[in-house]
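Written out below as structure tokens is the structure these notes cover.
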Amino acid sequence: MSLATGIGSMPGTDFAESFRIVLGEVGGLPYVPELPARGVHAGMIGRALSVLEGIEADLQPDGWRLGTSEGADLRRARSLLAQDLDGAEELAAGHTGPIKVQVAGPLTVAAMVERPRGDKMLADHGARREIAESLAEGLRTHVLDVRRRFSGADLIVQIDEPSIVAVMTGGIPTASGFGRHRSVQPPEADELLRMITRSITDAGARPVLHSCAPDVPIALLAGAGFTAISFDLGLAKPEDEWAEAFEQGIDLWVGAVPSLDARVSDTEIAGRIDTFFSRLGFADETYADRLVVSPTCGMAGASPDWARRALTLSRAVADRLDA
């Protein structure tokens, strides 16, 4: 049976209302939403930093920077995460089946967080490894906490890596803006991501990778231990790498519903998905039971009406593909 879900972020500042919408619209694969409109403490990076183990951070004019002690901003980020999980536990009491949480991955965190003395963590090989190790250790604790709250559910942890392609192709600018950080080579990226998938799996959850960047390194992600790749259908080319990953058992989570307001029907979207898989050489009966339909990316910038509509459409597309 095909399922529907969302990527993570939602518009607005009311967590309870957002989670009620998720529970009411997506059906079998709800997720704990993120609400960046509450401030950077609730954004993708703030949430990831709140999960780190053994590394503290604070907020500077240029963004998040690692420090030597927990600052008020990091305490705020951790408090918001705990409040959201408390609220989700209450609203989804007794939930069985899959449920998803999201955390930014080590490559994206390294590309967006500064070292204590400035410039990005990405600039230093040791710092990149330190971030991955800290995130892996923190995820073990985080997963156990979420599993305790949803004891009857199958937990999925989505690792968000929007910057993975830029990191691996030398596309991240230095602090001065006049240069670019050196690219992270595939063997190192594989090592860092394997730390994350191993910690998630060892804690009893399923690791999924999401990136809405073009030219996602499919083979690398499949080899690093992710069980599914969530991607933007509009940016994906139906190439052999996708087919090979699918044949190896990697599920493909298709971001096909626009994340921002648009005029589109479930029939049209389902047709695009069918076309993509047929070009890979797969008939619908081959992929229907392994398919998850979602918006193309997070919906923090969408109108509240469209955010609800996009989730409804995702479910309608999943149902249509099952018909």
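Just so we're aligned, residue 2 is where the sequence shown starts under our numbering, counting upward by one.
Note that CB positions come from ideal geometry on N, CA and C, so glycine has one too.
The structure presented is a predicted model; accordingly, all values stated were derived computationally and were not measured.
From the listed residues Met113, Asp155, Thr198 and Lys121, the smallest Cα separation to Ser164 is found for Met113. Beyond the five residues adjoining it in sequence on each side, Ile132 comes within less than 6 Å, by CB distance, of Pro107, Val110, Ala111 and Met122 in the same chain, given in chain order. DSSP, read as helix, strand or coil, puts Ser295 in strand. For the pair Leu24 and Asp120, the Cα-to-Cα distance works out to about 40 Å. Residue environment analysis places Ala246 among the buried positions, since at least 16 neighbouring C-beta atoms fall within 10 angstroms of its C-beta.
With a contact defined as Cβ atoms closer than 8 Å, Gly44 and Pro305 miss out at about 18 Å.
Beta-bridge pairing by DSSP links Phe151 to no other residue.
Judged by their CB atoms, Thr142 and Glu35 are not nearer to each other than the 8 Å cut-off. Where Leu67 is concerned, the enclosing beta strand (DSSP E) starts and stops at Gly64 to Gly68. Cβ atoms of Arg316 and Gly28 come within 8 Å of each other, at about 5 Å.
With fewer than 16 other CB atoms across the displayed protein chains lying within 10 angstroms of its CB, Arg181 is exposed. If the five residues before and after Leu30 are omitted, its C-beta is found closer than 6 Å to the C-beta atoms of Leu4, Thr6 and Pro99, all from its own chain and listed in chain order.
Distance from Leu222 to Ile230 at the Cβ level is roughly 6 Å; contact confirmed, criterion being Cβ atoms closer than 8 Å. Contact annotation, Phe151 with His211: C-beta distance approximately 20 Å; criterion of less than 8 Å not satisfied. For Gly224, the closest of Ile22, Arg199, Asp216 and Tyr32 by C-alpha to C-alpha distance is Arg199.
In the DSSP assignment, Gly256 falls outside any alpha helix (DSSP H) and lies within the beta strand (DSSP E) extending over Asp252 to Val258.
For Glu134, the three-state secondary structure derived from DSSP is helix. For Gly98, the enclosing beta strand (DSSP E) stretches over residues Gly98 to Ala105. Residue environment analysis places Thr297 among the buried positions, since at least 16 neighbouring C-beta atoms fall within 10 angstroms of its C-beta. DSSP places Ile270 within a helical segment (H, G or I) once states are collapsed to three. The beta carbon of Asp15 sits closer than 7 Å to none of the beta carbons in its chain outside the five residues before and after it. For Gln159, the secondary structure class from DSSP, reduced to helix, strand or coil, is strand. For Arg79, same chain residues with a beta-carbon under 6 Å away, outside a window of 5 residues either side, are Ser51 in chain order.
Checking the DSSP bridge columns, you'll see Ala58 partnered with Leu67. Shown here, Arg207 sits in a strand according to DSSP, grouped into three states. In this structure Gln84 is exposed. Its beta-carbon is surrounded by fewer than 16 other beta-carbon atoms within 10 angstroms. Straight through space, the alpha carbons of Gly171 and Gln186 are spaced by roughly 10 Å. In the DSSP assignment, Ala223 falls within the unbroken alpha helix (DSSP H) covering Ile219 to Gly224. Burial is judged here by how many other beta carbons sit within 10 angstroms of a residue's own beta carbon; Asp161 has at least 16 and is buried. Nearest C-alpha to Ala237 among Ser177, Ala214 and Gly282: Ala214. Burial check for Gln249: the Cβ neighbour count within 10 Å stays below 16, so the residue is exposed. Within the same chain, Phe247, Leu253 and Phe278 come within 8 Å of Tyr288 by CB-CB distance, once the 5 residues on both sides are set aside. For Ile46, the enclosing alpha helix (DSSP H) has its first and last residue at Met45 to Val52.
By the beta-carbon neighbour count (other beta carbons within 10 angstroms, threshold 16), Gly9 is buried. The Cβ atoms of Gly256 and Leu292 lie no closer than 8 Å to each other.
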